[in-house]
Each structure stands twice: as structure tokens, then as C-alpha cells.
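Take a look at the structure set out below.
Numbering (my numbering), first residue to last: 190 to 434.
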């Protein structure tokens, strides 16, 4: 059994909370003040994830996306995941932008999956690395295969690709940083309309492969790091029902 304080420390060792963006909401978000024998890891806190945790006897859930986020929480209902978790006596943690930025975190995992050579930090959380020269369409196919997704969105700026930037999740605004790092293509989860227009104007191709698809591959790595820190006193489990909405 481990306390919430011990879980917090284990997460902090893998994804230091000091790395989180100022606007983010990370750490212990729901404290049921009970020790845990099992901990469920999921990208999102969904009703399904909470019920899976309860069915597996988990006392805590560690998510990437914060369950309490944004301005002014004004209303909750019985199907809200936080309410469900409280009803089952399950504490909830979030490791969000701190895990994006951490060594071995979201973007290191994404860079490794896509085979980027000599990856280096890009801005506050992304990564940039080298690839064998190819067309934007050819690299889009690589992304699709590596992330096991049936489709991706490609904005083709027409430049041969030799260097690639990766920012898991919502990173369409990193096109200027990608250009400054010498990248011809940016891989991210989603890209807004005005971000796409700017990227094309800058000559940076973009592959938008899905928010879930670009971040979920990092969850097992976070689980492994926390499990190593906690040792045999608690069992860390992956959420089997996690899927893109």
C-alpha cells in the first residue's frame, strides 16, 4: 500500500511538476486520503476509466489530462468523472505539461516512435530531430503506420523533409518554432485553421495525427517510471478501455 504523498513523489520523479506550464493544473486533484494497493494509468479521466479502476480495486488514477481544468468550474453531475471517482473513493492525479516536457515523456516517446535521429528540445516541450530525406506525404505515411491510426491530416508545404518537429497533443502553434529549428515538417495531434494557414505560409508541412494518438503511447512509460519508484508496495495498471473519442 502507498499513500497519496508517495504517489505524488513518484510522479514528480518521472515528470517534475516544476516543468508544468503556469496555466496548467497538475498534481493531486482529488484527494480521498486513503492508501492505494493498485493505481490505474489513463490518458483521460473518463467515466469508463473510473469504473475500470473501481472494478480492479484501484485506489488512485493517474491521468495525463487534468480532470479539473479551465476557468470557473460551476456545475457537476453524477456522471462527471470526478464525482464518480469520489463516489468510489478513488483519488485522482494529473501529469500534463510536466509529462510533455519531461525527459522520456510524451514528446521523447513520440520522437522515438517516428525514428527521429539526434532529437533535441524544441521550445518548452517539443522535440526536433533528423530523418532520411522524404516527401511530406511519405512521412505522413510513416506517422500513420507508427501510431496505428487509419488516417492523418497532411498540410503539404511542398518542401522535402530532412528534419522533423514533434509536439504531442495540441501543438499546431509550434510551426514558427519548428521553422526556427530548421524543420520542414511538424507532427502534432491537432492543428487549428489559423495555425494551418500560418504553417503553410512559413513553408512548414504539418501532419495532424490525433490528440489521443500522439499522446497515448507515452502512458506506459509513465506507468513504468512510477512503478519503479514505488516498487512492490503498489501495482500499476494500464487502462484497457482507453480510446480516442
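Where a beta carbon is used, it is the ideal one built from N, C-alpha and C, also for glycine.
Taking a contact to mean a Cβ-Cβ separation below 8 Å, would you say residue i touches residue j in this structure?
| i | j | result |
| --- | --- | --- |
| residue 372 | residue 356 | no |
| residue 277 | residue 200 | no |
| residue 433 | residue 402 | yes |
| residue 348 | residue 394 | yes |
| residue 231 | residue 398 | no |
| residue 335 | residue 302 | yes |
| residue 343 | residue 326 | yes |
| residue 239 | residue 279 | yes |
| residue 376 | residue 253 | no |
| residue 291 | residue 203 | yes |
| residue 312 | residue 346 | no |
| residue 471 | residue 420 | The structure shown does not extend to residue 471, since the chain spans only 190 to 434, so no value can be given for it. |
| residue 257 | residue 225 | no |
| residue 228 | residue 410 | no |
| residue 222 | residue 248 | no |
| residue 320 | residue 305 | yes |
| residue 315 | residue 287 | no |
Which first and last residues belong to the beta strand (DSSP E) in which residue i is found?
| i | result |
| --- | --- |
| residue 363 | Segment: none, residue 363 is in no beta strand (DSSP E) and carries neither H nor E. |
| residue 387 | Here residue 387 belongs to no beta strand (DSSP E); instead the alpha helix (DSSP H) covers 382 to 391. |
| residue 230 | 227 to 231 |
| residue 216 | 216 to 219 |
| residue 379 | 374 to 379 |
| residue 396 | 394 to 397 |
| residue 342 | 342 to 344 |
| residue 425 | 424 to 427 |
Grab the span of the alpha helix (DSSP H) containing residue i for me, first residue to last.
| i | result |
| --- | --- |
| residue 202 | 193 to 203 |
| residue 409 | 408 to 419 |
| residue 286 | 286 to 290 |
| residue 258 | Run containing residue 258: none; DSSP gives neither H nor E here. |
| residue 241 | 236 to 244 |
Taking all protein chains shown into account, do 16 or more other C-beta atoms lie within 10 angstroms of the C-beta of residue i, making it buried, or fewer, making it exposed?
| i | result |
| --- | --- |
| residue 294 | buried |
| residue 270 | buried |
| residue 361 | buried |
| residue 396 | buried |
| residue 251 | buried |
| residue 331 | buried |
| residue 340 | exposed |
| residue 266 | exposed |
| residue 194 | exposed |
| residue 241 | buried |
| residue 337 | exposed |
Under three-state DSSP, which class holds residue i?
| i | result |
| --- | --- |
| residue 321 | strand |
| residue 267 | coil |
| residue 272 | helix |
| residue 355 | strand |
| residue 332 | helix |
| residue 404 | helix |
| residue 305 | coil |
| residue 327 | helix |
| residue 249 | strand |
| residue 283 | strand |
Under 7 Å: does the beta carbon of residue i sit that close to some heavy atom of the ligand SAM?
| i | result |
| --- | --- |
| residue 205 | Among the components of this structure there are no ligands whatsoever, and the ligand SAM is therefore not found. |
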